[in-house]
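Single-structure report; data block below.
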Amino acid sequence: MPELPEVETTKRGIAPHILDQTIINVIVRDRRLRWPIPEQLQLEATGQKVISIKRRGKYILIETIAGTIILHLGMSGNLRILASDTPPKKHDHVDFIFNNNQCLRLHDPRRFGACLWTTEDPLDHKLLKDIGPEPWDDAFTANMLFKRSRNRTLAIKNFIMDSKVVVGVGNIYASESLFQAGINPETPAGKISLNRYKKLFIAIQKILEKSIQQGGTTLKDFTNSSGQPGYFKQELLVYDREGKPCVNCERPISKVVIGQRSSFYCNLCQKK
DNA sequence: ATGCGGACCTGTTAGC
DNA sequence: TGCTAACAGGTCCGCA
């Protein structure tokens, strides 16, 4: 479900409800996520006040003095702010109950998500320490993409989806940014010129920004922390538009599987 | 080091 | 209508 814009939308939605609030209870109903929810989380987060809510890549970090809750929504997760007495539904894995009577609830049917606890600097955590720059970091540039891609043979789509290269470009926005940049998704990353990487760099930033403004993309079931959908779907130019006319040339949009993921592109507007 | 494929899951939809 | 197969927004890990 969530790519970076959806995670950012979620973060912005929950932050005002839980910042400076104290966690009075952590209710774990189903520990089974990508990794089991640690018991230490319940023991050590209970009684702690939230001092900041951050996002790094697709991870949401809820910081307290004692440690940090690391959340990942995986493919199907969402976080909701609810009244603390709202009855749980299927796949509601964990509730954080706050002193203001609010409940932050993690729901994740496919269980690819994560809910972890660290007492170290979360950026040093195993899952976070080696990930690449944010799309708006100074470290993320066209030049960096160009240099890092030299001698790489993998498809450009897989290259930009590699979280060690840049975080936050998931399957939807990878297709969209490559369309915007006029690059065929199967092009070997190492064969793309600096000029084309400049276009791609701009496209990635622009698309992610725009999607965040629209509250993310709802394909079927993404909702923000209040249960509202995102509106970026109406701006998708190629994703899930196989056979429909290209907005530039009206040729039907093609679909190809790259790295086991569906990829959409215009065979005329996007060159290898 | 790089690149690929499998693995982890459930729910929904497409197709017979 | 009902069964089955394919597919879905992520990403870690092991192997060649």
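For the first sequence, our numbering assigns the number 52 to the initial residue and increments by one for each residue that follows.
Where a beta carbon is used, it is the ideal one built from N, C-alpha and C, also for glycine.
| request: Can you tell me which of the three DSSP states Arg63 falls into? | output: As a working mapping, residue 63 is identified with position 12 in the first sequence. Arg63 falls in the helix class under three-state DSSP.
| field | Outcome for Lys109 when other beta-carbon atoms lying within 10 angstroms are tallied against a minimum of 16 | value | Here residue 109 refers to the residue found at position 58 of the first sequence. Buried: at least 16 other Cβ atoms inside 10 Å.
| field | Residue environment, Lys322, which counts as buried when at least 16 other CB atoms sit within 10 Å | value | Walking along the first sequence from the start, residue 322 turns up at place 271. Counting every other CB atom within 10 Å of its CB across the protein chains shown gives Lys322 a total below 16, marking it as exposed.
| request: Leaving out five residues on either side along the sequence, give the residues of the same chain with a beta carbon under 7 Å from the beta carbon of Thr60. | output: Here residue 60 corresponds to residue number 9 of the first sequence, with the count starting at 1. Around Thr60: Ile263, Gly266, Gly267, Asn275 and Gly281.
| said: As a quick exercise: from Thr169, Asn202 and Ile132, pick the residue whose alpha carbon is nearest that of Ser244. | reply: Taking the first residue of the first sequence as 1, we reach residue 244 at position 193. For the residues Thr169, Asn202 and Ile132, the minimum Cα distance to Ser244 belongs to Asn202.
| request: Measure the C-alpha to C-alpha separation of Val308 and Arg302 and round it to an integer number of angstroms. | output: Counted from its first residue, the first sequence places residue 308 at position 257. Counted from its first residue, the first sequence places residue 302 at position 251. Taking the straight line from one Cα to the other gives about 19 Å.
| field | Beta carbon of Pro239 nearer than 8 Å to that of Ala206 | value | As a first step, residue 239 is located in the first sequence; it is residue number 188 there, counting from the start. As a first step, residue 206 is located in the first sequence; it is residue number 155 there, counting from the start. Contact: yes.
| Buried/exposed call for Ile116, threshold 16 Cβ in 10 Å | Here the question's residue 116 lines up with position 65 in the first sequence. Answer is exposed; the Cβ neighbour count stays below 16.
| request: Output the residue ranges of the alpha helix (DSSP H) runs that lie fully inside the segment 63-127 and measure 4 residues or longer, sorted by chain position. | output: 90-96
| message | On the DSSP letters alone, give me the boundaries of the beta strand (DSSP E) that Arg312 sits inside. | response | Within the first sequence, residue 312 is the residue found at index 261, counting from 1. From DSSP, the beta strand (DSSP E) with Arg312 extends over Arg312 to Tyr316.
| field | Burial state of Gln99 (16 or more Cβ within 10 Å) | value | The residue given as residue 99 occupies position 48 in the first sequence. So Gln99 counts as buried.
| Between the segment 251-259 and the segment 79-93, are three or more C-beta pairs nearer than 8 Å? | Too few Cβ pairs lie closer than 8 Å, so no.
| said: Is the beta carbon of His158 closer than 8 Å to that of Leu84? | reply: On the first sequence, position 33 is the one that residue 84 refers to. On the first sequence, position 107 is the one that residue 158 refers to. In this structure, His158 does not lie closer than 8 Å to Leu84 by Cβ.
| task | Buried or exposed for Trp86, please, with buried defined as at least 16 other CB atoms from any protein chain shown within 10 angstroms of its CB. | result | Taking the first sequence and counting its residues from 1, the one referred to as residue 86 is at position 35. By the neighbour-count rule (16 or more Cβ atoms within 10 Å), Trp86 is not buried but exposed.
| message | Using DSSP's beta-bridge definition, name the partner residues of Lys306. | response | The residue given as residue 306 occupies position 255 in the first sequence. Lys306 pairs with Phe315.
| What are the start and end residues of the beta strand (DSSP E) that includes Ile129? | What you label residue 129 is simply residue 78 of the first sequence in a count that begins at 1. Note on residue identity: the sequence assigns Asn, not Ile, to residue 129. Unbroken beta strand (DSSP E) run through Asn129: Asn129 to Ala134.
| If you count every other CB in all the chains shown that lies within 10 Å of the CB of Ile234, and 16 or more means buried, which is it? | For the purposes of this step, residue 234 is taken as residue 183 along the first sequence, with counting starting at 1. Looking at its Cβ environment, which holds 16 or more other Cβ atoms inside 10 Å, Ile234 is buried.
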